Amino acid sequence: MAFSVTLPALGESVTEGTVTRWLKQVGDSVEVDEPLLEISTDKVDTEIPSPAAGILVSISVPEDETVEIGAVLGVIGAPDTAQAPEPAPAPAPAAASTPASVPPPEPTPAPAPVQAAAPPVVVEEAVPAPAPVPAASAPAVAAVPAPPVAGTLALRGQTVAMTRIRRIIGDNLKQALLEQAQLTSVVEVDVTVLLRLRNRAKEDFFAREGVKLSPMPFFVKAAAQALKAHPVINARINEGEGTITYFDRENIGIAVDTDRGLMTPVIKDAGDLSTAGIAHATAELAGRARSGHLTPDDVSGATFTISNTGSRGALFDTVIVPPGQAAILGIGATVKRPAAVMIDEDTVGLGVRDMVYLSLSYDHRLVDGADAARYLTAVKAILEAAAFEGDLSPGSRT
């Protein structure tokens with residue numbers, strides 16, 4: 009008995025998909041629900057499982073071809089079906105500018121952290137006296153630049169096809185810039201107390217919850233909490249109607265760097281979750297993003313987005329507001345710096361603090377500069393107060 013492999017419905021607004029890679033070839037054995045091929049849509053990349061155990065007897069849609077929902081992609085035959093391999097199509101002639109004998113290599117995927125790794129936190133202290141100059145006999149150590157991302161050196165001198173996800177990302181961001189009047193505001197936040205809290209709690213949290221407690225959930229919690237008090241930031245313009253929708257939910261998209269490109273899974277109702285609940289949601293969605301198992305529902309419905317631009321060391325960035333949203337929050341790298349410290353209400357000292365820049369890019373048609381400043385200072389106040397301990401208690405998910 010033969011089973012047709014069809015392109016299933018992948019979301020309410022998804023009408024077609026592109027076959028990006030067949031994971032099995034004609035003649036290969038497959039098991040029920042074993043990943044058979046990868047599909048890319050304008051929402052997400054996902055794997056299509058085999059509907060039955062048997063042999064892949066034919067492939068109807070080759071790689072890089074786009075078909076509509078319901079189209080037959082291939083056929084699975086019974087395990088004893090005689091193999092009928094189809095000859096692979098001859099490769100297209102190489103462009104004149106690319107040597108035909110050297111196909112463009114695929115880049116090796118780079119790790120995609122969801123959040124910046126917090127540096128070790130030290131207690132507040134006065135700035136120490138300058139260190140003595142090293143003795144002349146001490147060997148000089150030259151600064152060594154960070155090595156390039158694995159596999160990227162192979163791209164030098166190559167011309168490669170733009171991936172579908174890269175085209176989609178580019179088109180969406182270009183469209184957002186064309187349609188919105190975008191502006192960025194920045195504040196600096198002292199997260200010393202917050203990181204001390206996180207360092208004290210992370211081991212017990214991991215032992216109890218089974219997920220690591222990174223700094224990211226605290227930022228998401230603060231951003232969501234501030235959105236409740238500043239609904240103008242959590243909004244959308246309805247161009248055709250000439251109206252503005254102010255959302256009553258905080259669905260926060262989290263930008264994740266994956267080997268397939270930038271993916272933005274969404275933490276639904278983040279404003280109703282505790283920090284512990286956000287930590288679980290972040291870990292789960294990031295894991296699915298890296299493994300290519302995000303569903304269309306996982307990446308739809310965002311009302312606000314957060315991008316951890318500091319995960320690779322950037323101090324801050326002018327992140328682009330996604331289409332259909334009013335603003336996006338960028339989190340810069342956390343760095344230790346001398347900063348003013350209030351010793352008491354009348355005395356100011358100098359201490360080494362953990363500092364981070366937060367940038368808010370926003371659609372100026374919806375959000376005024378004063379609105380952006382009020383939102384950012386609200387997020388700053390929540391993070392600096394660091395009153396998250398109750399949010400980390402056992403059983404606290406909402």
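Each residue of the sequence shown is one higher than the last, beginning at 9 in our numbering. Backbone N, C-alpha and C fix where the C-beta goes; we use that ideal spot for every residue, glycine too. Computed from a predicted structure; not experimentally measured.
Reduced DSSP category for residue i - H, G, I as helix; E, B as strand; rest coil
i	result
G271	Residue identity differs from the one stated: residue 271 is Met in this sequence, not Gly. It is a strand residue.
A394	coil
I339	strand
P346	strand
M363	strand
G357	strand
P239	helix
F214	helix
E71	coil
R208	helix
T313	strand
G248	coil
T253	strand
D325	coil
N280	Reading off the sequence shown, one finds Asp at residue 280, where the question assumed Asn. Three-state DSSP puts D280 in a helix.
V307	helix
V197	strand
D352	strand
A386	helix
G377	helix
K229	helix
G332	coil
G318	helix
I162	Reading off the sequence shown, one finds Ala at residue 162, where the question assumed Ile. In the structure shown, A162 sits in a helix (DSSP, three-state: H, G or I).
L221	coil
Span of the beta strand (DSSP E), counted from its first residue to its last, around residue i
i	result
Q183	Taken as a continuous stretch (DSSP letters only), Q183 belongs to no beta strand (DSSP E), being part of the alpha helix (DSSP H) at 172 to 187.
T26	24 to 30
G78	Here G78 belongs to no beta strand (DSSP E), and DSSP marks it neither H nor E.
I262	260 to 262
V13	11 to 14
Residues near residue i in its chain [Cβ-Cβ closer than 6 Å; skip 5 each side]
i	result
A61	E39, V40
V201	A394
A96	Unreliable placement is indicated for A96, whose pLDDT of 46 sits below 50; the coordinate value is still reported in the next sentence. Counting only Cβ-Cβ distances below 6 Å, and skipping sequence neighbours, we find nothing.
Y254	P239, A243
M271	V264, A297
G357	V349, I351
P87	G62
I275	I260, A289
Pair within 8 Å by beta-carbon distance, residue i and residue j
i	j	result
G374	L337	In the sequence on display, residue 374 carries Leu and not Gly. Against a cut-off of 8 Å, the Cβ pair of L337 and L374 comes out as no contact.
I177	G269	yes
T290	V228	yes
V219	A287	yes
E258	K236	yes
A347	R361	yes
T303	T49	no
I47	V13	no
I314	I262	yes
P59	V27	no
T385	V194	no
A10	V75	no
V52	D306	yes
L81	K32	no
L391	V199	yes
I408	I260	Since the displayed the chain opens at 9 and closes at 406, residue 408 lies outside it and no answer follows.
A234	Y365	no
V34	S66	yes
G321	A294	no
A278	V387	no
Residues bridged to residue i [DSSP beta-bridge criterion]
i	result
I63	S37, G85
L191	Y370
P57	P43
T266	G269
Span of the alpha helix (DSSP H) around residue i
i	result
L44	From DSSP, L44 is part of no alpha helix (DSSP H) but of the beta strand (DSSP E) over 43 to 48.
T290	283 to 299
Same chain, Cβ closer than 7 Å to residue i, five either side skipped, listed in chain order
i	result
T283	P225, F226, K229, F396, D399, L400
V343	M363
F213	L221, L400
R29	L45, E46, E71
G332	R244
P43	L31, E55, P57
Nonlocal neighbours in the same chain, by C-beta distance under 8 Å from residue i, ignoring five residues either side
i	result
I77	L15, P16, A17, L18, V22, T23, E24, G25
A415	What is shown of the chain runs 9 to 406, which leaves residue 415 out entirely.
T355	none
Interface flag, residue i vs chain D, CB-CB below 8 Å
i	result
D267	Among the chains in the structure shown there is no chain D, since it carries only a single protein chain.
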